[in-house]
Every structure is written in structure tokens, then in C-alpha cells.
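Asker:
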Amino acid sequence: MQRLTRLLLACTWLLASGLAVAGDTTDLDRQARHLWYDGILSGYQALAREAQTFARVAGDYCQAPEQTTLAQVRDAWQRAFLAWQAVRFVDFGPVENDNRAWQFQFWPDPKNLVARKARALLTSGAPVTREQVEQGGVAVQGFPMAEYLLFDDAFGTSDQALPATSSCALLTAVAGHIADNSQQLLADWQAFRPHYLDTAQFRDTTLRAGVAALEILEERRLAQPMGLRGTGKRSVYVADAWRSGRSLAGIEASVRGLHQYFFPGLALLLEHSDQPELGPWIDAQFGEVLEHFPALRQPMAPLLAPEGHFGALQGLYVDLSQLAVLVNDQAAVALGVVRGFNSSDGD
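Numbering (mature numbering (1 follows the signal peptide of the UniProt record, and there is no 0)), first residue to last: -22 to -1, 1 to 325.
Listed below in C-alpha cells is the structure:
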């Protein structure tokens, strides 16, 4: 009888303590913000580190250009670009200053403004300077411009192809801008810590950022190139990073970033909600999406071709859509998040 009594008391204590934690929503929300802050900090640190490496390798290549070192520059660009993809979901705070997100990645680019800006700079007859990049607008300043110089097929066979002097000047200026921008973003995020942790509204702001990122992943970055949205025609040119063939690698990096930096805070909140089962379901669905890789670490264009393995993209799309439903339609509702207008999708 005493053992039964102790067991009942223990169960009662566990239930009461669980309700106490769940009831202290202010403390719980702050714990979630701590998890999000630390995760985003890790992501920004990785971005700053990889961007610095990209700038250094690009400078080394232009000092002594060789085909092998060009491959190293392309690899450094990819690592920095994928580090950006991992934190791309953050659409609030310091990344909003001076259109920083757009400085990192001008996309969508339906008018091919990146290529037009590059041609204008390289054919002007004037030396390309860092000041021109700083003042040239977001289409000049980020990863897509560097991608054009490093990967565009037509440009790569032109008279201005790397390591032409003007093209190298543009590449090193853009890489330097990305590196400086990354370092400043990291410093500003570190300074932003007290405000983020002490401001209750950033709970919903962060949740909405994850929701918006999944919407963009599903609708813009995957469904539209597949012809499931928009014109209804398959086209790799509406995807991001199509020149380098890294569209799917970018999607993988964004999903991993959401899982690593966004999900822990979401899981904590769901654990103490009236639908605690959603956390493990979402975790498992992240795994389902990521299981499509590394098989899909390849260019998207061949998969979109009539004879391509389109079914692989369809499988990824189905699993990504299910993840979006769990997070956007179920978890957000369970946590009382009102979904608002998203300004980071290029509209």
C-alpha cells in the first residue's frame, strides 16, 4: 500500500511540475528564444567563417590563376553559399538592416538583372572597384553575382571569362563584400542578444520566420521549377543557384538549417502545448525530407528534362509538403501563431 501511495504521489508531483512548466509561459518562451538565439548565432558564425574563406581563396586565385585554384574558388563559393542557405530563414533582426538578405542573395531574378549588371560593369571600360560594388545595388553584391562569374557557361567562354583582370576585380570585390557583410551581421546579432531575449514578440516572429521559409521552399524553390506553380512549365531558370547546379543542395542546406537552428525552440514549445505529439512527428518528417539526400545532390536541370528522373523530385516535394503542413498548419495553430504577410519571398 505504501509503495502504491508513493507511486501516486510521484505521479502527482510529475504532473504538477509539468503543468507548472507549461503554465509559466513567459519562462518557457524565453527558453525557446535562448535556443533560437544560440542556433542562429552558430549559423551566422559558420557563414562568417566560410565567407572569409571564400574571399581569401578568390583573392589568391586572382593573384596566381590556375585551373586547379579556380576549382577551389568554386568550392569555397559553394560552402559559403550553403552556409547562407542554412540561416536564410531568419527574416528579422539585423539581417533586415540595409536589405542585407538581398545583398547576400538577389532572388528571384526574372529579368536576369545579375547578368545584365555584370555585363554593364565589365564592358564599361572603367576599372571595376570595390566602391562600384558597394554602390551598385543588391543585384551586384551577393552570391548570385559571384556565381555568374564562376559558373555561367556563356560567360565562361567569353573574352571576359576569369581570370580576366576586370572579372577578377569584380569577383574579389563581391567576395570581399560578402565576407564583410557576414562579419557585420554576426557582430550585430551578438549585440542584438539582450533585445531578442527580452522581447516577448520575438517568439511569434521567429515562428513565423520558420513558417515563411517552409512556404518559400515548397512553393518557390521547388514547386515552381517543377511546373507545379506559376506557368505550369518546368524550368530550372526560376530556381535559385541554377548556374552552379546547386539548387537542390541549397534546399538541403535550408532544411538542415531549419532542423538544426529552428526546430529545437519549436519542439520545446510544442512539448508543453496541448499537442505535444507534434514535436516528434515534425522531427521524423525532417528526417523523411533529408533522406532524399545525398541522392539529390545533383543539378536540378537533368531531373526536369522529359527523360529525367522527375519522380525523385516528386518524392522530395511530397515529403517537404507534409513537413510544411505539420509546421505551418498544425504546430503554428497549436501555438497560437497568426501567420502574416511575408516580405522575403521576392514579391
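Note that beta-carbon positions come from the ideal geometry of N, C-alpha and C, so glycine has one too.
Model, not experiment: these values are computed from the prediction.
Whole angstroms is fine: what's the gap from Asp166's alpha carbon to Gln30's?
Answerer: For Asp166 and Gln30, the distance between alpha carbons rounds to 17 angstroms.
Asker: Counting pairs of Cβ atoms below 8 angstroms between the segment 93 to 105 and the segment 51 to 64, do you hit three or more?
Answerer: no
Asker: So, with DSSP's three-state summary, where would you put Arg36?
Answerer: Sequence check: residue 36 is Ala here, not Arg. Helix.
Asker: When the distance is taken between beta carbons, is Gly120 closer than 9 angstroms to Phe82?
Answerer: yes
Asker: Just to confirm my understanding: we take Leu127, look at its own chain, exclude 5 residues before and 5 after, and list those with CB closer than 8 angstroms. What are they?
Answerer: Ala96, Phe133, Leu140, Ser145, Leu148, Leu149 and Val152
Asker: Can you check which of these residues, Pro86, Thr209, Pro258 and Ala227, is closest to Pro277 by C-alpha distance?
Answerer: Between Pro277 and the set Pro86, Thr209, Pro258 and Ala227, the nearest pair of CA atoms involves Ala227.
Asker: May I ask you to verify whether the segment 26 to 40 touches the segment 186 to 203, counting CB pairs closer than 8 angstroms and requiring at least 3?
Answerer: With the cut-off at 8 angstroms, the segment 26 to 40 and the segment 186 to 203 do not touch.
Asker: Is the beta carbon of Thr184 sitting closer than 9 angstroms to the one on Phe70?
Answerer: Yes.
Asker: Can you tell which of Phe264, Ile229 and Leu244 has its C-alpha closest to the C-alpha of Leu274?
Answerer: Ile229
Asker: Counting only the same chain and skipping the five closest in sequence on each side, list residues whose C-beta sits under 6 angstroms from that of Ser222.
Answerer: Glu125 and Phe129
Asker: Below 8 angstroms, can you find three or more Cβ-Cβ pairs linking the segment 252 to 266 to the segment 290 to 302?
Answerer: With a cut-off of 8 angstroms, the segment 290 to 302 and the segment 252 to 266 count as touching, because enough Cβ pairs lie within range.
Asker: Would you identify the three-state DSSP class for Thr143, choosing helix, strand or coil?
Answerer: helix
Asker: Under 8 angstroms, with one C-beta from each stretch per pair, do the segment 211 to 222 and the segment 37 to 49 reach the 3-pair mark?
Answerer: no
Asker: If Leu281 sits next to Phe288, beta carbons under 8 angstroms apart, how far is it from one beta carbon to the other, in whole angstroms?
Answerer: 6 angstroms
Asker: Cβ of residue 341 within 9 angstroms of Cβ of Glu28?
Answerer: Nothing about residue 341 can be read from this structure; the chain reaches only from -22 to 325.
Asker: Which term fits Asn306, buried or exposed, when burial requires 16 or more other beta carbons within 10 angstroms of its beta carbon?
Answerer: buried
Asker: My parser needs the alpha helix (DSSP H) runs of 4 or more residues fully inside the segment 145 to 203; what are they?
Answerer: 180 to 193
Asker: Thinking C-alpha only, which one of Ala117, Gly114, Ala24 and Ala178 is nearest Leu164?
Answerer: Ranking the options by Cα distance to Leu164, first place goes to Ala24.
Asker: If you draw a straight line from the C-alpha of Ala79 to the C-alpha of Thr3, how long is it?
Answerer: 32 angstroms
Asker: At the level of alpha carbons, what is the spacing between Trp85 and Arg52?
Answerer: 20 angstroms
Asker: Alpha carbon to alpha carbon, what distance is there between Asn159 and Ala178?
Answerer: 28 angstroms
Asker: Is Val315 helix, strand or coil by DSSP?
Answerer: Note: Val315 maps to coil in three-state DSSP.
Asker: Going residue by residue through the segment 68 to 154, where are the continuous alpha helix (DSSP H) segments of at least 4 residues, counting only ones entirely within it?
Answerer: 78 to 82, 91 to 100, 108 to 113, 116 to 119, 121 to 129 and 131 to 134
Asker: Measure the alpha-carbon distance for Met123 versus Pro203 and round it to whole angstroms.
Answerer: Whole-angstrom Cα-Cα distance: 21 angstroms.
Asker: Considering only their Cβ atoms, is the gap separating Tyr295 from Ala201 smaller than 9 angstroms?
Answerer: With a cutoff of 9 angstroms on beta-carbon distance, Ala201 and Tyr295 are scored as near each other.
Asker: Have a look at Phe108 and Gly114 and give me their C-alpha separation to the nearest angstrom.
Answerer: Inspection of the sequence shows that residue 108 is occupied by Arg rather than by Phe. Answer to the nearest angstrom: the Cα atoms are 10 angstroms apart.
Asker: Residue range of the alpha helix (DSSP H) that Arg57 falls in?
Answerer: Annotation: the continuous alpha helix (DSSP H) that includes Arg57 extends over Gln45 to Val65.
Asker: Starting from Val233, trace the alpha helix (DSSP H) both ways and give me its first and last residue.
Answerer: Ser225 to Gly235
Asker: Glu296 lies in the alpha helix (DSSP H); which residues open and close that run?
Answerer: A small correction: the amino acid at residue 296 is Val; Glu does not occupy that position in the sequence shown. Phe288 to Ala302 is the span of the alpha helix (DSSP H), which, as asked, contains Val296.
Asker: Quick check on the burial criterion: 16 or more other C-beta atoms within 10 angstroms. Buried or exposed for Gln168?
Answerer: exposed
Asker: With DSSP as the reference, label Leu13 as helix, strand or coil.
Answerer: helix
Asker: Should Ala309 and Leu256 be called a contact, given that it needs their Cβ atoms to be closer than 9 angstroms?
Answerer: Going by C-beta atoms, Ala309 is nearer than 9 angstroms to Leu256.
Asker: Which same chain residues, not among the five before or five after Gly235, have their C-beta less than 8 angstroms away from its C-beta?
Answerer: Gly21, Gln63, Ala64, Val65, Arg66 and Phe67
Asker: Relative to the C-alpha of Asp7, which residue among Ile260, Pro242, Asp297 and Gln253 is closest?
Answerer: The candidate whose alpha carbon is nearest that of Asp7 is Pro242.
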